[in-house]
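Worksheet for the structure shown next.
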Amino acid sequence: MSALDTLSASSLGHDSAPSIHTETVGVLEPSAVVGSGCVALNGEVWQGHFAEGLVWALACAAGLNPGKRVLDVDGVDVQISFPGKAETRRYPQIEAQVKSCSNPTYVNDCFSYSIPIKNFNDLIGTVGTDFPVRRYLFLVHAPAAKTDYVDSSSASTHFRHAVYWVDLMDEQPIDPAQQATKSIHIPKANLLTVGSLQDLVKGTIGEGGN
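Dropping the structure here:
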């Protein structure tokens, strides 16, 4: 039995019964069973889902309003806005692309992360010309073992490991016909916290990289 069953019928008249055919969905692994009859997400999708959830949790803890477009067609995974007036701006917001990794490569004091050119180009541009608001890349460093994502006790709940941000809007776009991926460096100092996320949304830090 596959993960999802799709109902199809050439006719729904009284004399014909609908037939059932099965169709496997790419993000699921039917062979990976957790608990009693639960079908698990594959590792990559699971990690990405956790990464977005961690960003949402930070936004909620910061008193911000996270949201998501119905369709992901422009490289934006989350929109985060301030629910009121901040400094001189009303309802400021940012957009972010969320990526995740479990075994990061380090270069000096930065994470080195390879991103597809399409995603890279989606983060480059000018506010007011190319995009209505500023865009960022959020990189979530997650544990390799899914069971280590969250550590809970009667006193607290800890999410692992952390989120980092970088502003790529001033970079130069790359022709995807010439190059498939781009290695970017994300400073370890750019830790996404409640305070730094509020500052990114308000526009008091972030423009130009850090």
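Take 1 as the starting number for the sequence shown in full-length UniProt numbering and just add one per residue. Idealized CB from N, CA, C, for every residue including glycine. Since we're looking at a predicted model, the values are computed, not measured.
Backbone secondary structure at ALA96 - three-state DSSP = Reduced to three states, the DSSP call for ALA96 is strand.
Could you tell me the distance, in whole angstroms, from the CA atom of LEU4 to the CA atom of ALA144?
-> Note that LEU4 scores a pLDDT of 41, beneath 50, so its modelled location is shaky; the value from the coordinates is reported in the next line. The straight-line gap from Cα to Cα measures roughly 27 Å.
Below 6 Å CB to CB, which residues in the same chain sit around PHE138 once its five sequence neighbours on both sides are set aside?
-> VAL55, ALA96, VAL98, VAL163 and TRP165
Could you tell me the distance, in whole angstroms, from the CA atom of ASP199 to the CA atom of SER102?
-> 27 Å
Look at the alpha carbon of SER152 and the alpha carbon of HIS158, and state the distance between them as a whole number of angstroms.
-> 6 Å
Inter-residue CB distance, GLN116 and ALA180 (contact presumed, cutoff 8 Å) = One point to set straight first is that residue 116 is Pro, not Gln, in the sequence displayed. That pair is a contact at about 7 Å.
Which of helix, strand or coil DSSP assigns to ILE117 = helix
Exposed or buried, what is LEU191 when buried is set at 16 or more other beta-carbons lying within 10 Å of its beta-carbon?
-> exposed
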